[in-house]
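Quick note, the sequences are listed as chains A and B, same order. The numbering of the first sequence is full-length UniProt numbering, which starts it at 1 and goes up by one. The numbering of the second sequence is full-length UniProt numbering, which starts it at 1 and goes up by one. Accompanying notes for the structure given below.
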Amino acid sequence: MTESQVFGRILDRAGRADPYPLYAELRKTPVAALDDGGYVVSTYREIVALLHDPRVSSDRRNLAEHFADREPAPPGRAPAFIVVDPPEHDRLRGLAMRHFGPPGSPDLVTGLRPELTAIVTELIDAIAGDRRADIVEAVAYPFPVTVICRILGVPREDEPRFHAWSTEIVESFGPGDDHVAQRVRRRERAAEALGDYVRGLADARRRDPGRDLLSGLLTDDGPDGGMSMEEVVSTVTLLLVAGHETTVNLIANGMLTLLRHPEVLERMRHEPGLVVGVVEELLRYEPPVHFPATRVALDDITIGDTTIPRGAPIVLALAAGNRDPDHVRAPERFDPCREANEHLGFGGGVHYCFGAPLARLEAQTALAELTRRLRDPRLVADPPPYRPSSALRGPRRLLVDYDGVDP
Amino acid sequence: MRVVVDLTRCQGYGQCVFMAPEVFSMNGREALAYDPAPSADQRQNVLRAAAACPVQALHVERNAADPEPGPYPADGDGFRRDGRVVIVGSSLAGTRAAAVLRGEGFAGSLTLVGDEPGEPYDRPPLSKQVLSGRVPARGTALPRPPDLDAVWLRGTPATGLDLDRRRVILADGRDLPFDRLLIATGTRARPWPDPAEAALDGVCTLRTAQDATVLRRRLASGDGRVLVIGGGFTGSEIASVCRELGRPVTVAERGPAPLVGAFGGVVGAIAADLQRAHGVDLRCGIGVTALEGEDGRLRRARLSDGDVLEVDLAVAALGAVRNVEWLEGSGLAAGPWGVACDAGCRAFDINGLVTDDVFAAGDVARLPHPVYEYQFLALEHWGSAVAQAEVAAHNMLSGQTHRWPHLALPVFWSTQFGVEIKSVGVPTFADEVIIVQGSAREFRFVAVYGYRGRITAAVTFDQGMWLEFYQGLIEQAAPFPPRFRTVDPAGAACPVPAQVPDRVGATHGATVVVTGHDPAERRAWLVHRSR
C-alpha cells in the first residue's frame with residue numbers, strides 16, 4: 001500500500017473501530033507525501049517539532065493557490081482563534097482566557113467541581129432503574145453539553161437546535177473525503193446558522209449581561225481592548241462546538257476502554273486517585289481528537305528526509321504519535337500508572353486545547369462516578385458503532401448492561 | 001509536601017494553575033510562580049497538576065504511602081556492589097547525582113557532604129516567590145528522592161582533598177575515603193568588595209535561604225528606596241520584586257544595560273525598557289563608589305557620577321564566586337574559573353590531564369562544549385546542574401565505551417516584571433543578533449544570535465513555546481541570519497551587532513605557570529595572586 005492508500009483507509013469509515021494498525025503502517029514513513037499534495041505526519045517527535053515550529057501556520061489562507069478551494073477561509077466572518085496565527089491568535093485566546101482560566105480567572109474550573117459531580121450524579125440517577133443504557137446518550141453527551149452551556153451562557157434547552165449545526169460542522173472537519181465541495185458547502189451553511197444563533201444570544205446578553213463567558217467577552221474591555229462583536233461570535237461558536245463534540249468522545253472512549261480492561265475498572269473502585277492517571281492514559285491511548293485543524297507550511301520545511309513545500313497542507317496524526325514506540329514503551333498497552341506520560345491528546349504548542357482543564361475534570365468526574373456506581377457493567381457490542389468523523393473519533397452509541405446502580 | 005517545577009522545561013501552558021490554583025499561579029502571560037511546600041490538603045490537586053503538565057515538568061515528592069520502587073539492583077561489577085562514593089556539595093547537583101547513582105544500580109556506600117545545615121533546597125524561588133513573601137525562605141526544600149541509603153554530613157564543609165590517598169578532609173578534622181568523588185560545591189554570592197562597607201547593617205547579598213530570609217524581612221519592614229548594585233539576573237529579579245512590593249528601587253549597572261553580560265547590548269536595551277516601564281530608576285554605566293553608614297547602619301551610597309542616594313538597604317548583586325578554595329593544593333585544575341573537566345564531567349588535574357575518579361557538576365564545573373568550539377563554559381543554570389549531575393553519576397558507574405558526554409545545550413530562565421525570559425545556547429557566543437518573531441515593544445519576542453554565519457543562541461521574552469525549535473536550529477548549526485517565513489514575524493530588516501561583552505575576568509586572580517624542560521618533567525602550577 002502507498003502512504004496515500006493507508007491514509008485513505010484511515011479516513012474510510014469502515015476502519016473507524018480500530019485505526020491503530022493503520023497508524024503503525026503510517027509511522028513507517030514519519031512524514032508522508034500524499035497524492036493530493038498534502039502531507040501527513042505520524043511520529044511523535046516530528047509532530048511535536050511541527051507543533052512548535054513557527055514556520056507552521058494554522059491559517060488556511062496560507063494554503064497554496066491550488067489548495068485554496070479545498071478548505072477556503074470562511075467569507076466575511078471573523079475567523080476563530082483555532083484557525084489564526086500569533087499575534088492575532090494570542091490576543092483572541094488571551095481575551096477569552098480572561099473568563100476561563102489564569103491569570104484572570106484561575107479558580108473557575110476547580111470551582112466547577114461540585115457542580116460537575118452534581119450533574120453527573122443526576123444523569124446516572126436517571127438510568128438507575130434500567131439494566132441497559134447507552135452511555136453516550138445517558139452521560140457522555142449530555143454532561144459536557146450542560147457544562148459548556150452554563151459556562152458560555154447558552155440556554156441548555158436550545159441544544160436540539162445548535163446540536164444539528166454543530167454535528168454538521170464537526171462531521172465535515174478533518175482530512176478530506178471525496179465530496180469536498182459538497183462537504184464545505186454544508187459546513188458553511190451550518191456555521192452560518194450557528195453563527196446567527198450565537199449572534200442572537202450575544203445581542204440579548206449585551207442588553208442584559210450575566211455572569212457567563214459570553215457576557216464577559218461582550219463587556220470586558222481588557223487592558224488592550226476587547227473583542228469585536230464578530231470576534232465574540234466566532235469565539236463562542238468555537239467553544240460551543242469544541243466543548244460538546246470532543247469531551248463526549250473522551251468519556252465514551254474512556255468507558256469503552258475501561259470495559260475492555262476490567263482489572264483497571266476494578267482497581268478504580270477502591271483507588272479513587274487512579275482516575276487521574278486513567279484519564280491521562282486515555283488521552284494518549286484513545287484520544288478524542290485524532291487530527292487537529294490542518295496546518296500549512298509557511299516556508300519549505302525539511303523534516304526527517306522530507307521537505308514539505310511552502311503552501312502545502314499538513315495533517316498531524318496525533319493518535320498515531322501517541323502510540324509511537326520510539327516515544328513510549330509498550331504503546332499498545334493501556335497503563336494508567338505510566339510515569340511522565342507526555343502525550344498529544346490535547347495537541348501542543350500555542351494551539352494546545354483551550355478547554356483541556358475542563359475536559360480533564362469532566363472525564364475524571366464522569367468515569368469515577370460511572371465506575372463507582374454501575375454494578376458489574378458489561379459491553380453489549382464490541383466494537384460499538386462509531387461516529388463518522390475520523391478527526392473527532394468516538395462511539396456513536398455505547399450500550400452497556402449492568403446489574404443496578406449504587407447510590 | 002514538596003514540589004519543584006523544572007522551569008527549563010515549562011512552556012507556560014498553565015495547566016497546573018487550573019488544577020491547583022492555590023499552589024500555582026501565572027504572573028503575566030507565561031511566568032509561573034508556585035509554592036514549593038504546599039500544605040498536605042493540596043496533595044490531590046498537586047498530583048492532578050503534575051499529571052496534567054503537557055511537558056511533565058512537575059516533580060512531586062513521593063508520599064510514604066506511594067509505592068516505592070523496588071530495591072536497587074546490584075550487578076557483578078565490584079565498584080557498583082561495594083564501592084565508595086563521596087559527593088561534596090549537597091544542593092541540586094549533588095542530590096540529583098546521588099539519586100541517579102542509586103537509580104543506575106550503585107549499591108555501595110554513598111556520603112553527601114554539605115556546608116549548609118538544613119536540607120537541600122531550590123534556589124531560583126529565593127529571588128522571586130520568597131522575596132515577594134509568597135512563600136517562606138524555608139519553604140523551598142527540594143523534594144526528597146526515594147530513600148537513598150546515604151550518609152548526610154550537613155553543616156560540615158570539606159576543607160581539603162588528598163588525591164593520592166583519595167580522601168576528602170572535613171572541617172572537623174575527619175577524612176572520608178572514596179573510590180569516586182563528585183565535586184558539586186557550587187558558588188556563593190560575590191560580596192561587596194570593601195569588607196567594612198559590606199559589614200554595614202543594610203548591605204545584603206542573595207544566594208542562600210538565609211540571605212533570602214534577611215532580605216525579605218528588610219523589604220517587608222521598610223518603604224524607602226532600595227539600591228540594587230548590578231543589573232544581572234539576580235539584581236533584575238530583586239528589582240522586579242521591589243516594584244511588585246511597591247518599593248522605589250534604583251539599579252546601578254556598570255555596563256550599558258541590564259542583562260548585558262548574558263544577552264549583549266541589543267536585548268539588554270529591551271530589558272532596560274522593561275525595567276523603566278515598571279518604574280525602576282535604572283542607572284546604566286554607573287558604579288557605586290562607596291557605601292556609607294552611621295552607627296554601623298547604611299545611610300547612603302555614592303555613585304560614580306557624583307550622585308548620592310539616601311538608602312538604608314543595598315543589595316550587592318555582583319555575580320558569583322566559585323567554591324573552590326577547599327581544592328587548593330589538591331592538584332586539580334580548580335581555580336576562580338571553577339573546576340575544569342572534560343565533557344564527561346571528569347575533572348582535569350592541574351596539568352590538563354583528565355582524572356578517572358574525580359568528577360564535577362553544577363555551578364562549580366567548567367566544561368568544554370563541542371557546539372561552542374570546545375570552549376570551556378561554566379553554566380550557572382539550574383538545568384545544566386541537573387544534566388551534568390546525571391552525566392557525572394552515569395559516568396562514575398560506566399566504563400570508557402559507555403560514558404556519556406554532556407552535550408545538552410544550556411537553557412536558562414528568569415522571571416521578572418511579569419515576563420518569562422528564556423534562553424537556549426550561549427548568547428554571548430555571537431557577533432550578531434536579529435529579532436525574528438513578536439514585538440520587542442510589547443516585551444514578547446524571539447531574538448536569534450549568530451556567530452560567523454551560524455545560529456548559536458536564542459532568547460525569548462514570553463515566547464517560550466518556540467524555544468525548542470530554535471534549539472534544534474542551533475544543534476544543526478543552521479545558517480544565520482535565518483531567512484524563513486514564520487508566524488508573527490517581527491519584520492526586522494537585518495541583523496545588528498550583538499554587542500556582547502568580551503569574555504574577561506574568568507581567570508582573574510589566578511595564573512597558571514609552566515616549569516620544566518623535558519616532556520617527562522614539564523608541569524603546570526597554579527599561582528594565586530589575591531583573593
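Ideal Cβ placement from N, Cα and C applies to all residues, glycine included.
Residue i and residue j closer than 7 Å at C-beta
{"i": "P144(A)", "j": "T247(A)", "result": "yes"}
{"i": "E292(B)", "j": "R300(B)", "result": "yes"}
{"i": "V139(A)", "j": "T365(A)", "result": "no"}
{"i": "L256(A)", "j": "L26(A)", "result": "no"}
{"i": "S169(A)", "j": "A133(A)", "result": "Sequence inspection shows Ile at residue 169(A); the Ser mentioned does not correspond to that position. No. Outside cutoff."}
{"i": "P86(A)", "j": "D462(B)", "result": "no"}
{"i": "P357(A)", "j": "F412(B)", "result": "no"}
{"i": "F233(B)", "j": "V86(B)", "result": "no"}
{"i": "A498(B)", "j": "Q437(B)", "result": "no"}
{"i": "G94(B)", "j": "A209(B)", "result": "no"}
{"i": "G344(B)", "j": "P410(B)", "result": "no"}
{"i": "L112(B)", "j": "A171(B)", "result": "no"}
{"i": "residue 468(A)", "j": "L51(A)", "result": "Within the shown structure, residues of chain A are numbered from 1 to 407, placing residue 468(A) beyond reach of any answer."}
{"i": "S215(A)", "j": "G153(A)", "result": "yes"}
{"i": "I435(B)", "j": "A492(B)", "result": "yes"}
{"i": "V276(A)", "j": "A51(B)", "result": "yes"}
{"i": "P102(A)", "j": "M1(B)", "result": "no"}
{"i": "F100(A)", "j": "H89(A)", "result": "no"}
Segment limits, alpha helix (DSSP H) that includes residue i
{"i": "W382(B)", "result": "W382 to M396"}
{"i": "R372(A)", "result": "A356 to R373"}
{"i": "W165(A)", "result": "E159 to E171"}
{"i": "D125(A)", "result": "R113 to D125"}
{"i": "E310(B)", "result": "Segment V308 to E310 is the beta strand (DSSP E) holding E310(B); no alpha helix (DSSP H) there."}
{"i": "T301(A)", "result": "Here residue 301(A) is Ile; the residue named in the question, Thr, does not match the sequence. Element bounds for I301(A): not the alpha helix (DSSP H) but the beta strand (DSSP E), I301 to I303."}
Cβ-Cβ separation, residue j to residue i (assumed contact under 8 Å), whole Å
{"i": "D363(B)", "j": "T187(B)", "result": "5 Å"}
{"i": "A202(A)", "j": "V233(A)", "result": "6 Å"}
{"i": "P36(B)", "j": "V60(B)", "result": "Wrong, their Cβ atoms sit about 11 Å apart, outside the cutoff."}
{"i": "A378(B)", "j": "I350(B)", "result": "18 Å between Cβ atoms; not a contact."}
{"i": "M465(B)", "j": "Q11(B)", "result": "5 Å"}
{"i": "L206(B)", "j": "P124(B)", "result": "Incorrect: roughly 12 Å between the Cβ atoms, too far for contact."}
{"i": "S105(A)", "j": "R98(A)", "result": "7 Å"}
First and last residue of the uninterrupted beta strand (DSSP E) at residue i
{"i": "M229(A)", "result": "From DSSP, M229(A) is part of no beta strand (DSSP E) but of the alpha helix (DSSP H) over M229 to E245."}
{"i": "A49(B)", "result": "A49(B) -> not in any beta strand (DSSP E); alpha helix (DSSP H) instead, spanning R43 to A52."}
{"i": "P177(B)", "result": "D175 to P177"}
{"i": "R283(B)", "result": "D281 to C284"}
{"i": "F18(B)", "result": "Per DSSP, F18(B) belongs to no beta strand (DSSP E); it is in the alpha helix (DSSP H), Q15 to M19."}
{"i": "G352(B)", "result": "Counting along the chain, G352(B) falls outside any beta strand (DSSP E), and DSSP gives it neither H nor E."}
{"i": "P368(B)", "result": "A365 to H369"}
Check: residue i C-beta below 6 Å from any heavy atom of the ligand ZN
{"i": "G225(A)", "result": "Among the components of this structure there are no ligands whatsoever, and the ligand ZN is therefore not found."}
Review point. Do the stretch 447-466 of chain B and the stretch 311-321 of chain B make contact, defined as three or more Cβ pairs closer than 8 Å?
Key: At 8 Å Cβ cutoff, the stretches do not touch.
Check your understanding: Taking Cβ-Cβ distances below 9 Å as the criterion, which residues of the stretch 21-46 of chain B are in contact with chain A?
Key -> Close to chain A, meaning a Cβ-Cβ distance shorter than 9 Å, are the following residues of the stretch 21-46 of chain B: P21, E22, F24, S25, M26, N27, G28, R29, Q44 and N45.
**Study point:** the stretch 120-138 of chain B contacting the stretch 236-253 of chain B, beta-carbon criterion three pairs below 8 Å
**Key:** Result yes; three or more Cβ-Cβ pairs closer than 8 Å.
Practice item. Select from the stretch 439-463 of chain B all residues with a C-beta closer than 9 Å to any C-beta belonging to chain A, and list them in chain order. Key: For the stretch 439-463 of chain B, which is checked against every Cβ of chain A, the residues closer than 9 Å are S439, E442, R444, V446 and Q463.
Check your understanding: Counting Cβ pairs closer than 8 Å, one from the stretch 158-174 of chain B and one from the stretch 323-330 of chain B, do we hit at least three?
Key -> Three or more Cβ pairs closer than 8 Å define a contact, and the stretch 158-174 of chain B meets that threshold against the stretch 323-330 of chain B.
Review point. Going along the stretch 339-350 of chain A in order, which residues come within less than 8 Å of chain B, judged by CB to CB distance?
Key: Contact annotation: in the stretch 339-350 of chain A, residues whose CB is within less than 8 Å of a CB in chain B are A340, N341, E342, F346, G348, G349 and V350.
Review point. Taking Cβ-Cβ distances below 7 Å as the criterion, which residues of the stretch 99-133 of chain A are in contact with chain B?
Key: Listed by position, the residues of the stretch 99-133 of chain A near chain B (Cβ gap below 7 Å) are G101, P102, P103, P106, D107, V109 and T110.
**Study point:** Touching by the beta-carbon criterion (3+ pairs, under 8 Å), the stretch 311-323 of chain A and the stretch 281-301 of chain A
**Key:** Output reads yes: the stretch 281-301 of chain A touches the stretch 311-323 of chain A.
Check your understanding: How do the stretch 334-344 of chain A and the stretch 299-313 of chain A stand: do at least 3 beta-carbon pairs fall below 8 Å, yes or no?
Key -> With the cut-off at 8 Å, the stretch 334-344 of chain A and the stretch 299-313 of chain A do not touch.
Practice item. Please name the residues in the stretch 280-300 of chain A whose beta-carbon is closer than 7 Å to at least one beta-carbon of chain B, in chain order. Key: Going along the stretch 280-300 of chain A in chain order, one finds E280, L298 and D299 with a Cβ nearer than 7 Å to chain B.
Point to revise | Stretch pair the stretch 253-272 of chain A + the stretch 25-43 of chain A: three plus CB contacts closer than 8 Å | key: Contact fails: fewer than three Cβ-Cβ distances are below 8 Å.
Review point. Between the stretch 442-451 of chain B and the stretch 421-431 of chain B, do at least 3 Cβ pairs fall closer than 8 Å?
Key: Three or more beta-carbon pairs separated by less than 8 Å link the stretch 442-451 of chain B to the stretch 421-431 of chain B, which places the two stretches in contact.
Check your understanding: Between the stretch 56-70 of chain A and the stretch 220-227 of chain A, are three or more C-beta pairs nearer than 8 Å?
Key -> Three or more beta-carbon pairs separated by less than 8 Å are not found between the stretch 56-70 of chain A and the stretch 220-227 of chain A, which leaves the two stretches without contact.
Check your understanding: Listed from N- to C-terminal order along the chain, which residues in the stretch 75-87 of chain A have their beta-carbon within a distance smaller than 9 Å of any beta-carbon of chain B?
Key -> Hits within the stretch, in order: D85, P86 and P87.
**Study point:** Residues within the stretch 355-386 of chain A neighbouring chain B, beta-carbon criterion of under 7 Å
**Key:** Residues are counted here when their Cβ sits less than 7 Å from a Cβ of chain B; for the stretch 355-386 of chain A these are A356, P357 and R360, given in chain order.
Practice item. Determine which residues of the stretch 21-49 of chain A have a Cβ less than 9 Å from any Cβ of chain B, and write them out in chain order. Key: Of all residues in the stretch 21-49 of chain A, the ones placed with a Cβ closer than 9 Å to any Cβ belonging to chain B are V48 and A49, in chain order.
Check your understanding: For the stretch 50-69 of chain A, which residues have a beta carbon sitting closer than 7 Å to at least one beta carbon of chain B?
Key -> Hits within the stretch, in order: H52, D53, P54, R55 and S57.
Exercise for review: Name, going along the chain, the residues of the stretch 275-302 of chain B whose beta-carbon falls closer than 9 Å to a beta-carbon of chain A.
Suggested key: For the stretch 275-302 of chain B, which is checked against every Cβ of chain A, not one residue is closer than 9 Å.
Review point. What are the residues of the stretch 228-241 of chain A that lie near chain B, defined by any Cβ-Cβ distance shorter than 9 Å?
Key: Correct list: empty, as no residue qualifies.
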